[in-house]
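Novice: Residue numbers (UniProt numbering): 1 to 167. The beta carbon of each residue, even a glycine, is placed where N, CA and C say it ideally should be. My structure is below; once you've seen it, I'll send some questions.
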């Protein structure tokens with residue numbers, strides 16, 4: 001039985017369904033049927049605008065974001081698909097905190113729903129730092145169906161790592 005590292009927290013029955021699709025060579029078809037489009041957000045500037053639009057719509061009172069960019073260094077081996085950071089610097093006699101969101105560059109070629117999910121996830125960290133009930137409730141508020149898209153994103157990551165013969 002093949003371990004599914006991105007799906008380990010899910011029930012065995014769901015993992016078995018994914019394994020069955022892999023064995024039948026139909027996992028890529030499943031994903032293509034559900035997520036067929038490609039988004040137009042291809043530059044850091046466009047990603048910043050996209051992120052700020054979502055922030056303005058759902059989190060007006062959250063702290064400002066200074067930088068949003070696609071990061072080539074974030075990849076599956078580090079299990080980081082996006083990062084939110086706060087960098088503190090002393091300027092004169094004041095402490096300035098700059099907030100950044102970095103999204104893994106692999107999402108330039110992903111379905112728009114996956115990019116949306118990652119951005120919503122990182123924006124939710126502006127209000128809730130931990131992955132707790134309130135965090136996921138906020139994600140679901142900003143993106144109805146968040147949990148299904150997160151699951152499908154994990155299936156997509158599993159598919160990306162399959163040998164091309166199985167994909």
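(1) Can you look up residue 89 in the DSSP assignment and give me helix, strand or coil?
(2) Using 8 Å as the threshold, is the C-beta distance between residue 64 and residue 96 below it?
(3) Just checking, does the stretch 149-163 make contact with the stretch 2-18 on the three C-beta pairs under 8 Å criterion?
(4) I'd like the list of long-range same chain contacts for residue 62, defined as Cβ closer than 8 Å, with 5 residues on each side in sequence excluded.
(5) Tell me the DSSP secondary structure of residue 60 in three-state form.
(6) Helix, strand or coil: how does DSSP classify residue 22 here?
(7) Taking the alpha carbon of residue 111 as the point to measure from, which residue in 149, 136, 90 has its own alpha carbon closest?
(8) Nearest-angstrom Cα distance between residue 91 and residue 45?
(9) Give me, in chain order, the residues of the same chain whose beta-carbon lies closer than 6 Å to that of residue 27; leave out the 5 immediate sequence neighbours on both sides.
(10) Please classify residue 57 as buried or exposed, where buried requires at least 16 neighbouring CB atoms within 10 angstroms.
(11) For the beta strand (DSSP E) that contains residue 95, what are its first and last residues?
(12) Is residue 17 helix, strand or coil when you go by DSSP?
(13) Let's test the definition: count the other Cβ atoms within 10 Å of the Cβ of residue 23 and tell me whether it reaches 16, buried, or not, exposed.
Specialist: Let me lay it out:
(1) strand
(2) no
(3) yes
(4) 55, 123, 126, 127
(5) coil
(6) helix
(7) 149
(8) 26 Å
(9) 21, 159
(10) exposed
(11) 94-104
(12) helix
(13) exposed
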